[in-house]
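Peer 1:
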Amino acid sequence: MRLNEDPVAFEAFYRRHVDAVLKFVVRRVSDPHLAADLTADIFLAVLDSADTYRPGRGSEIAWLYGVARNVVSAQYRRAAREARATGRLAGRRLMDDDDLARMEERIDAERQMRSALEAMLGLPEGERAVLELVAIDQLTVTEAATALGIRQVTARVRLHRARRALEHFTSPSAVYLEGQA
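Take the sequence shown: its position 22, counted from the start at 1, is 22 in the numbering used here, and no numbers get skipped.
This is the structure we're talking about:
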């Protein structure tokens, strides 16, 4: 993929996937400024790593979710370091009122999924990652395996274990989580 060499191709790629990436991000963060910044960071990371995409290994969206997951995870690590060092986060980019309102609407729309993600915090990282990508982000098991860089059978085993561990969780989110393939 030559996105970093072809602005027209990058624009088409961006337009094709920006909504999916934004949904991915707002499921994981509740701050509209941070969600907007992470979405931009994800597409910057796409430009930097476009040459790593291999169509034979999976779909564009699976690869993109892998990039997005890495960017969001890096943000969590960075925020934890900053919080320990300074006691608070700073440096938010300003948004106008319309941007803020749209972002808040998206965050509200994904509130139930954030609750489901919180319920999954007790799962081991590998199981939680597969369950997030399959049940919440609606990737296939094959696409989730590609995004995580693991074998498909490993992804299936982790998904099964995660679902078993969450059987006691009975909120509407759990019904959704259990119903996804």
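No residue lacks a Cβ here, since even glycine has one placed at the ideal position from N, Cα and C.
Expressed to the nearest angstrom, what Euclidean distance is found between the alpha-carbon atoms of PHE13 and ASN4?
Peer 2: 11 Å
Peer 1: Could you tell me whether the Cβ atoms of LEU139 and ALA62 are closer together than 7 Å?
Peer 2: The beta carbons of LEU139 and ALA62 sit closer together than 7 Å.
Peer 1: With three or more beta-carbon pairs closer than 8 Å as the criterion, would you say the stretch 128 to 137 touches the stretch 157 to 169?
Peer 2: yes
Peer 1: Below 7 Å CB to CB, which residues in the same chain sit around LEU38 once its five sequence neighbours on both sides are set aside?
Peer 2: VAL25, VAL29, VAL71, VAL72, GLN75
Peer 1: Just mark HIS17 as buried or exposed, buried being the case when its beta carbon has 16 or more other beta carbons within 10 Å.
Peer 2: Answer is buried; the Cβ neighbour count reaches 16.
Peer 1: Distance check for ASP41 and ALA35, CA to CA, integer angstroms please.
Peer 2: 10 Å
Peer 1: Nearest-angstrom Cα distance between ARG27 and ARG77?
Peer 2: 17 Å
Peer 1: Starting from THR140, trace the alpha helix (DSSP H) both ways and give me its first and last residue.
Peer 2: It is not in any alpha helix (DSSP H) - THR140 carries neither H nor E in the DSSP assignment.
Peer 1: Does the Cβ-Cβ distance between LEU117 and PRO32 come in under 7 Å?
Peer 2: no
Peer 1: According to DSSP, is TYR53 helix, strand or coil?
Peer 2: coil
Peer 1: Can you check the stretch 15 to 61 for any beta strand (DSSP E) of at least 3 residues that lies completely inside it and give the ranges in chain order?
Peer 2: Within the stretch 15 to 61, not a single complete beta strand (DSSP E) segment reaches 3 residues in length.
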